[in-house]
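Read the structure below first, then the notes.
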Ligand SMILES: Cc1cc2nc3c(=O)[nH]c(=O)nc-3n(C[C@H](O)[C@H](O)[C@H](O)COP(=O)(O)OP(=O)(O)OC[C@H]3O[C@@H](n4cnc5c(N)ncnc54)[C@H](O)[C@@H]3O)c2cc1C
């Protein structure tokens, strides 16, 4: 059981910046994210794309912004609980008790939901009973490519992830790339590389095919592919990997009794509190008249929500507004030395 001043749900840009805003006023935060890495949309959807509207930074990529935000919160030594989704919430006296899908429990007076467009989850194969093969023969991401070394692997999808992994794994595994259309929608260059490898006999490509069924008891022995004209083909394989993109789900938060407006959480713009005391929503997931889904708006929302958290985390203390430029108190928390 982890006790903390604030639980932040979501490690996107807004969740990361609110850790800073909490830290400078002396509040400890724990951060949970469903993904295996921090950065939210910036890292998952556009790591290499330039952003031009972060105040004071004329141009930076999604990845550099996240690196800078992490650098900025380094002094607070925040714990990140990645690969974990928040599930249930209940009231425990003055606190909230939050449980994750890995049965981790947080006890806190404040919960800041910075969940963006919801938790990212892979689009899955639509085959009956596929779940029983998941994480032994069926995967939607690759953590260690050596797991597939010298094995037969079928990769499904027509986008960049499917093409890139097919090319990369073809160096160490026997790869078949399967797509339901003849044209790939990933980068032209990657599709050309894959086709070149096919000509050289280093990779097999099967289009336009879809998966029909899996043969095997606990592990996959083979799969049946189906062509548009109904013809089928059996392929022996050890693994199937699906790269069909991500879907965003509000998930269990939708069952928490919070007011919802088109899958967004309405908030009071004075402190970004929801209809429940001590539960706040900031960033893309919140809504109010005039809301702009921009990173800079999320930063502002986080600054106000953090100050609101102080009241519940330190009921016997008075919050005093201070500038980072002149506050010795804040500079101490940031580890600023006299020579800096
Ligand atoms: C292609 C593209 C370009 C963009 N360009 C710009 C731009 O130029 N300027 C700009 O200001 N904005 C831009 N945006 C928008 C910007 O990325 C978002 O406004 C910003 O990412 C919102 O940040 P966030 O932290 O609120 O949410 P997100 O970045 O969506 O992060 C939310 C995190 O919460 C996690 N999460 C959600 N639910 C749960 C749960 N139940 N349990 C655990 N974790 C959970 C998710 O996994 C995710 O990591 C762009 C967006 C896209 C898609």
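Residue numbers (this note's numbering): 118 to 457.
The C-beta atom is built at its ideal place from N, Cα and C for all residues, glycine as well.
Given the structure, does residue 127 come close to ligand 1, in the sense that its CB is under 6 angstroms from one of the ligand's heavy atoms?
The residue given as residue 127 occupies position 10 in the chain shown. Correct: residue 127 has its Cβ closer than 6 angstroms to ligand 1.
Local Cβ density within 10 Å of residue 478, reported as buried at 16 or more and exposed below that
Because the chain is modelled from 118 through 457, residue 478 falls outside the range shown and cannot be assessed.
Any contact of the segment 319-332 with the segment 291-301, i.e. 3+ C-beta pairs under 8 angstroms?
yes
Complete alpha helix (DSSP H) runs within the segment 155-196 (minimum length 4 residues, chain order):
157-161, 179-190
Less than 7 angstroms separating the beta-carbons of residue 337 and residue 352?
Counting from 1 along the chain shown, the entry for residue 337 is found at position 220. Counting from 1 along the chain shown, the entry for residue 352 is found at position 235. Against a cut-off of 7 angstroms, the Cβ pair of residue 352 and residue 337 comes out as no contact.
Determine the burial state of residue 306: buried for a count of at least 16 other Cβ atoms within 10 Å of its Cβ, exposed for fewer.
On the chain shown, residue 306 is found 189 positions in, with the first residue counted as 1. Under this definition residue 306 is an exposed residue.
My output table needs one value for residue 406: the three-state DSSP class, helix, strand or coil.
For the purposes of this step, residue 406 is taken as residue 289 along the chain shown, with counting starting at 1. The answer is coil: DSSP assigns residue 406 none of H, G, I, E or B.
Work out the CA separation of residue 200 and residue 216 for me, nearest whole Å.
In the chain shown, residue 216 corresponds to position 99, counting from 1. In the chain shown, residue 200 corresponds to position 83, counting from 1. Computed Cα separation, rounded: 14 angstroms.
Is the CB-CB distance between residue 240 and residue 361 below 7 angstroms?
Along the chain shown, one-based indexing puts residue 240 at 123. Along the chain shown, one-based indexing puts residue 361 at 244. Yes, Cβ-Cβ distance for residue 240 and residue 361 is below 7 angstroms.
Out of 254, 319, 302, 298, state which residue places its alpha-carbon closest to the alpha-carbon of residue 285.
Residue numbering aside, residue 285 sits at position 168 when the chain shown is read from its first letter. That would be 319, whose Cα lies nearest to the Cα of residue 285.
Can you tell me which of 450, 167, 183 puts its alpha carbon nearest to the alpha carbon of residue 160?
Residue mapping note: residue 160 aligns to position 43 of the chain shown, counting from 1. Comparing Cα positions, the closest option is 183.
Residue 438, buried or exposed, once every other Cβ within 10 Å from all chains shown has been counted against 16:
Your numbering for residue 438 matches position 321 in the chain shown. With fewer than 16 other Cβ atoms within 10 Å, it is exposed.
What whole-angstrom Cβ distance do residue 411 and residue 170 have, given they're in contact under 8 angstroms?
Within the chain shown, numbered from 1, the residue matching residue 411 stands at position 294. Within the chain shown, numbered from 1, the residue matching residue 170 stands at position 53. Contact between residue 411 and residue 170 holds, with the beta-carbon distance rounding to 7 angstroms and staying under 8 angstroms.
Do residue 358 and residue 350 have their C-beta atoms within less than 7 angstroms of each other?
As a working note, residue 358 is residue 241 in the chain shown. As a working note, residue 350 is residue 233 in the chain shown. Contact: no.
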